[in-house]
Every structure is written in structure tokens, then in C-alpha cells.
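Protein chains: 6
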Amino acid sequence: MPLVAITRILRFNAAHRVYNPALSDAENDRLFGKCNNPNWHGHNYTLEVTVEGEVDPKTGYVIDLGDLKRVAERELIVHLDHKNLNLDVPFMSGTIPTTENLVVACWRILAPKVAPARLAKLRLWETENHYVDYEGR
Amino acid sequence: MPLVAITRILRFNAAHRVYNPALSDAENDRLFGKCNNPNWHGHNYTLEVTVEGEVDPKTGYVIDLGDLKRVAERELIVHLDHKNLNLDVPFMSGTIPTTENLVVACWRILAPKVAPARLAKLRLWETENHYVDYEGR
Amino acid sequence: MPLVAITRILRFNAAHRVYNPALSDAENDRLFGKCNNPNWHGHNYTLEVTVEGEVDPKTGYVIDLGDLKRVAERELIVHLDHKNLNLDVPFMSGTIPTTENLVVACWRILAPKVAPARLAKLRLWETENHYVDYEGR
Amino acid sequence: MPLVAITRILRFNAAHRVYNPALSDAENDRLFGKCNNPNWHGHNYTLEVTVEGEVDPKTGYVIDLGDLKRVAERELIVHLDHKNLNLDVPFMSGTIPTTENLVVACWRILAPKVAPARLAKLRLWETENHYVDYEGR
Amino acid sequence: MPLVAITRILRFNAAHRVYNPALSDAENDRLFGKCNNPNWHGHNYTLEVTVEGEVDPKTGYVIDLGDLKRVAERELIVHLDHKNLNLDVPFMSGTIPTTENLVVACWRILAPKVAPARLAKLRLWETENHYVDYEGR
Amino acid sequence: MPLVAITRILRFNAAHRVYNPALSDAENDRLFGKCNNPNWHGHNYTLEVTVEGEVDPKTGYVIDLGDLKRVAERELIVHLDHKNLNLDVPFMSGTIPTTENLVVACWRILAPKVAPARLAKLRLWETENHYVDYEGR
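Chains as they are written, first to last, in our numbering: chain H, 1 to 137; chain Z, 1001 to 1137; chain W, 2001 to 2137; chain S, 3001 to 3137; chain B, 4001 to 4137; chain D, 5001 to 5137.
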């Protein structure tokens, strides 16, 4: 059967502060600038979840998109949406909440949950001008 | 001379919490739900600034767009971008930071600064699914 | 209090055939071309619902956006989404399902349901290249 | 019959130089900056053409969108697309090719051609960050 | 010569019903939910056609984009646009018209037609929230 | 450490003429059609710059996005924005300014400047309907 990738796009809104508590205030300011505002700032994040698999001849689907959406919402979105990435999200605890670290954390949670499809890529947009891609490497 | 409206789009990222300190926690929860997260959440805001005026025959412009951008950045964006709307923004002090209240506050600051053009409309997007419009009425 | 307009965007996917049963096949072909395919075609519709009102000082809202979304979904979207506009939608019965007629029908249903706010405009996109606006006139 | 506005979006790509030949080089540089590059620059323009009228009960249309597209292409787009606004476009001759002047010129050509509908608005985007609106006033 | 990929985006509007005629009505309802509406529903599809090849030093092109567009329109779009994917499209006959099956069918038709370039990827959007990718594997 | 790709999007507006000075006028017309307008035309270009690297545990970054933006602006955008690709851009001299040739030229300039990250992909949009990808092969 053909190998097809299917992508579902989800959204969440969150606050964060980018800083490393192991560093001095001056070093944090130098490294993170306005992203280090102690009173937080926030974003509308967009997450593209791509899974890959053979097309099931019975359904014509790689995966039921409703199922994929429900898994991503249950495992990721409810923990991220309208939250503070530094304070409210258990799986980001102890991690600098950059887009890079966030996409890797999302991968680790979601990858075991989409079988028999395979998680192939996560793309996470933080603003309309930048995004990160992670493929589990 | 023809009367033309010209719109410049600007963006900022901010954190906020939607709640009314005069109300009980239970009432705030009932009214504002997840927008009332005490640890904040945030958005990528998009602001469309529309000014109207006659076209200047010397320049073919209603207003120099670079000037309009600089005014909007100086008066609004530097005070809002990477900030907390509840804690960091003097002109939002004492105001519930809903999109409605924010667009009205932006109008009051910007309207006197765009002469001889006239501020005609502000459109403020909080997410890709909703926006508010204010025309100074 | 300031008068602000707030817009919520909703989406639905539907099939339709544009034709007038009172006319001959030849006249329908002449008027509607490929939109008259007897086996139907379809669209991803996007509906922008704009209501206007004074900002409530208790909430900072014109209307609770969650309420507006629920009303629009209950009154419009559940009747339109994944439906055939010619066959499945009671409020389009006997009407040629053009974008123009659809936006007017949506207005008539939704306008009485958004009080104390006032329905100010509906914008309905049928493709990314065209949309209709209706303000109840 | 209900009064509905319908908008068709069209696109064209053009080169231009923003300068006023009646002014000195220094004054042009001061007024127009990098837009005054003597070797030209260019844009992907997007034009939203809005006409308004009563819905025809025979067709459910304000205007046949195919007709509107053909009129706008014949009157405007073929004269603008892949052209130089300063050198190639008769109806821009002697005019500084700002977005403001261009939208007014387009209005004057198109307004008499859309009867029995009425040209209600032109919106012209020059970049994704700014646009002008003209309603014939 | 450098190996570059070039992508042309095309659009079509179609109706479909997602169901498997070999299964019972109850099983179809369980598998396909509202996508199984017997009176059809529809979408605005967006197809991204990516071909890859060396840049021709004579033209600076991998392929003439006008040629690529004409091939894709002749082979795919005219058979899909304003059609019913279940009833009107010969190359989808006997196939459940999911996005996955549709993108594979498009690949099989288009891949032999773009030489000397090589068809590298098809991306097919069914809504703004999901898309499928196929690379011929 | 995880290997993540991060993409920054930049924009520039430029004029160009697509033609090969080594060919006759007739041959240029045949090959390039309206893109060969001797008075130029232009575009709003969008450039997606993707770099790849391990996430730095000290910052949570692959690269500081502000640094990446400054490098891309200094090396590419200031030389391209509001310029004529045939006349004003030293690194395009002697090259037919197609999107393919432009993306390869941008790669050659930018690739040595993003260490220790690695330039992984450039995507260059010339219109909203087509783009090219180059990965340095």
C-alpha cells in the first residue's frame, strides 16, 4: 500500500518567559533580551502534527483524523492552551521554554501515542515569522 | 482631492489575564473561564491602523507610511510588545485587558498623533479566529 | 461606553448545485456553467459574524465570544456543516444556494439571537477569491 | 430584495518607482527613500473589487462573478500585470504611482463598467502589511 | 548544475462522500461519521505540485511554470474542479475518495507527464487544518 | 542533544526582467513571455531560511533568531530589497534572475555565515502560487 503522510494543525495560546535560572540576570538579559521580561509575554502557537503510514484499504485513511486530533488535544493541547509554559506545564518543568525545547517535549509525549501510524514530523510556529521542525533525531 | 484610507498592519506579542479584581474568584471563573488563568496566557496580536485623508498631490500619499509606522510603534507597540497587559502597560492600568478595552485604549492614544490625516479605524486581532473594530464612537 | 464591533470566524464544508428549477436545462447551463454540475460540487465556507454593542464595564466584553460561537454553531453551523445546501438545509429550501442567498438566510436566523448586542455584518467566503457581505438592508 | 455586496479578488505583479519628476533628486530622496530607486522595484498587488446591488431572484446573484472577473481583467489587470506602472500603463501616465493614486485610477476606469451593480469599494494591497481603500469620494 | 525543486499551487472545488460500499451503513457511520452524509458535502482543495530537476542554464528554469500549470490542469484539475469525486472522476472510480487516496491517484497520473523534471511531492489540502503529502513511495 | 531545524521568514520587494541576453528577442519572447517585459515587472518575495543544529542546553536555542535575522538581512535582504535584480544586485550579475537562480545565489552567500548551525533549506516564494526549494545539492 502507498505510504502517505497526513498532517493535522492545532492551535494553543500560552504565556512564557525565556530565561535560564542557572544564569545571572545580566547574562539572561544578554542572551534573551525582551523575551526575558519577568512579567511574561505570550504567543498564539500553531502545531502541525504529521504522521505517516500505509493507507488502510478498508477506510482509505492512514489514521482517523478525528482520533489524531483527540490524541493531540488530550496529550498536548489541554496542558498547553491558556497556560504558562514555565509554571503550569508538567512536561516543560525544568526546561527553558524555547520553541526548540517545546517541540522536542511534544514529540516525546506524542510519539508513543499514534501507533500504528508513525509520528514523522512536528512543526511548531511561535509567530507568523518563525517555526521549528523536529523529526525525532 | 480623492479621500483615501490607508492601513498599516503591526504586530506584538503579549501576556494577559482576563479578570475583574472587583469580583470574587468564583464570579471571575464563571465569566472568564480559562482566560482567567492566574499564571497568565498570551497572544500574537495583529493591529490594523487605518487613517483617512486627501491624497497630497505633491507625494501621492495620504500619509507617509514610514511615519505612520514610527508613530504607531513609538506610541503603542513598544509599550505592548513582549509585555504583560495587566502589569506592564501604563495605559491599560485599572482596565480589564480584553480585546475590546485594548482597542479603545489604543485609539485614545493614537488618534491625536496622526494629523493631518484622521484615524478612521483600528482592527485588533487576538487570535486568527476573532478581532475587534473600533471607529472612535 | 465605547461602541465596539467584535467578529468571530467560523467554518463549514458543504456541497451545492447552483441552478434554478424554474428554468430550462439550457438556461441553467447558460447562467450557471460548471456551478450547475448535477452531481454537485462543494466548498470550505468561512463565515465572519460581526456583532456590535457597548463594552460592558463589568466584563470588558461586548458579548462573551464563547456564547457568540455557541449561538452561531447551534443556529447555523450544525445545519450547514457536511451538508448539501440544496437538499439538507431547511432554511435554504426553495432558494438557489448562491453565496448571496446563503448569507441573507444566515442573517435572518442569527439576527434575533445575539441581543443585547446587534448583528452588524456577516461576511461569507465561498473560495479564497470571493466573499459576500450583508448588513441586513 | 436584499442589498448584498460581493467581492472578487484579483492579482497582478508590477514594477514602479515612486518619485515626483517636478521635484529635485534630493527632495525625491527625502520624500520617497528606497521607493525612489531609479532602477525600479516591484510588488505582487492584490485588488479586492466590491460591487453592491440587489440580489436577482432569477439567479440568486448580485452580478455574475465570471462577468465581474472578465471586466476587471479586461479593464485593469491586462494593463497592469507584468508591467511598469510608470512607463507602460496609459491610465497612470503623469501620475505618481503610489498605492493611493493607483486605486483612484482603477476606480475611475472600473466604476462605469459594472452596471447595473454599483462599484462600492476597491481595496488594493501593495504588500502583506499595507493596503488602501477607496469608495469613490 | 544545482538541483532545485519548484512548486506550483492549484485549486479545485469538489463534492464527495466518504464511505466504503463494501461495508454496512452502520459500519460506514461508525468509521466516517458526518463525512458519510449520503447527500454529499464538499471542499475547496489546494494542490501543491513539486517537481525537481537541474536548472537549465539557457532559461534559468527547472521547468517552465506555465507548462507545469497547463499539464496539471489538463491531467488533473479539469477532471476534479466542480465535480463529484465519487461519481464524476474516472480515475477515482472504485476508490474511497479520502484525501489519501486522492493524492495517490493524482500522483499516478501526473508523474509520467513532467519529464525531464521529476515529480518530487504532492501536497493536498482538504481544509485549512489538514493536508496529506505523497512522494510516490 | 536533539537535532532541530528552525526557520526565519524574511521579505523583500524587487523588480526584474526574465531574459537571456545571449538569445534573440524572438527566442526570449518564446521562452519567457510576459516575464520578458523590457520595462521590468516585480514581486513581493518571501524567503524562508532554515538552519539546523543541536539545541544548546544553555539557551534552549539552535541559533539566536535575532542573529539569524541580522545575518540574512545584512548578507541578502539589504542587497535585494527595493532593487532591480538585473541591474542592482552584484551577486546576481550575469545570471538570469529566475527564482531558481536567485535561491541558489542566496544559498551560496548565506551558507558560510550561519555556523555553527548548518543551512538546511531555503524556500523562496515569488508569488503566492509558486515557490522554489534549495538544499545545497
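Every residue, glycine too, gets a C-beta built ideally from N, C-alpha and C. In this text, all values refer to a predicted model and were calculated from it rather than measured experimentally.
Proximity winner among the options, relative to residue i (alpha-carbon distances)
i         : options                                    : result
ASN2020/W : ASN2129/W, LEU2010/W, THR2046/W, PRO2038/W : PRO2038/W
LEU1110/Z : VAL1071/Z, VAL1078/Z, ASN1013/Z            : VAL1071/Z
LEU2031/W : ARG2017/W, GLY2042/W, HIS2043/W            : ARG2017/W
PRO3108/S : TYR3131/S, LEU3023/S, ASN3044/S, LEU3076/S : Residue identity check: residue 3108/S is Arg in the sequence provided, not Pro. Closest option to ARG3108/S, Cα to Cα, is LEU3076/S.
GLU4073/B : GLY4136/B, LYS4034/B, VAL4114/B            : VAL4114/B
ASP1067/Z : ARG1008/Z, PRO1002/Z, GLU1128/Z            : ARG1008/Z
LYS3121/S : HIS3082/S, PRO3112/S, GLY3136/S            : GLY3136/S
ASN3996/B : GLY2033/W, ASN2044/W, LEU2119/W            : Absent from the structure is residue 3996/B, since the part of chain B shown begins at 4001 and ends at 4137.
THR1099/Z : ASP1056/Z, THR1046/Z, LYS1034/Z            : THR1046/Z
GLU5052/D : PRO5002/D, ASN5084/D, LEU5124/D, CYS5106/D : PRO5002/D
SER1024/Z : PRO2097/W, ILE2063/W, THR2059/W            : THR2059/W
ALA1022/Z : LEU1085/Z, ASP1088/Z, GLY1094/Z            : GLY1094/Z
ASP133/H  : THR50/H, ALA15/H, ALA5/H                   : THR50/H
HIS139/H  : GLU5054/D, VAL5055/D, ASN5036/D, LYS5069/D : Outside the displayed span of chain H (1 to 137) sits residue 139/H, for which this structure offers no information.
Where residue i falls: helix, strand or coil (DSSP)
i         : result
THR3099/S : helix
ARG137/H  : coil
VAL4132/B : strand
VAL3104/S : helix
ALA3111/S : helix
ALA3141/S : Outside the shown range of chain S (3001 to 3137) lies residue 3141/S, about which nothing can therefore be said.
Contacts of residue i in chain D (Cβ-Cβ under 7 Å)
i         : result
ALA4072/B : Within chain D, no residue comes near ALA4072/B; the closest Cβ sits about 12 Å away, beyond 7 Å.
LEU4065/B : HIS5130
Residue-level contact to chain S via CB, residue i, 9 Å cutoff
i         : result
LEU2023/W : yes
HIS5079/D : no
Contacts that residue i makes with chain Z (C-beta to C-beta distance below 8 Å)
i         : result
CYS35/H   : HIS1082
ARG2008/W : ASN1129, HIS1130
VAL3104/S : PRO1002, VAL1004, VAL1055
Contact list for residue i against chain B, beta-carbon separation under 8 Å
i      : result
ALA5/H : VAL4132, ASP4133, TYR4134
Beta-carbon neighbours of residue i, restricted to chain D and to distances below 8 Å
i       : result
VAL49/H : Within 8 Å Cβ-Cβ: nothing; VAL49/H doesn't reach chain D, min ~16 Å.
Proximity test, Cβ basis, 9 Å: residue i and chain D
i         : result
ASP3029/S : no
ARG137/H  : yes
PRO4112/B : no
GLU128/H  : yes
GLY4094/B : no
Beta-carbon neighbours of residue i, restricted to chain B and to distances below 7 Å
i         : result
LYS58/H   : ASN4020
THR5098/D : GLY4060, TYR4061
CB contact below 9 Å: residue i versus chain W
i         : result
THR1046/Z : no
C-beta neighbour in chain B for residue i, strict 9 Å
i         : result
ASN5013/D : no
ASN2101/W : no
Where residue i meets chain H, residues with beta-carbon distance less than 7 Å
i         : result
VAL5089/D : Chain H residues near VAL5089/D: none, gap ~23 Å exceeds 7 Å.
Chain-ordered neighbours of residue i on chain A, where CB pairs are closer than 8 Å
i         : result
HIS3043/S : Given the protein chain composition of this structure (H, Z, W, S, B and D), no chain A is represented.
Inset, instruction - Kindly provide the ranges of any beta strand (DSSP E) runs that are 3 or more residues long and lie completely inside the segment 2016–2095 of chain W, ordered along the chain. - result: 2041–2054
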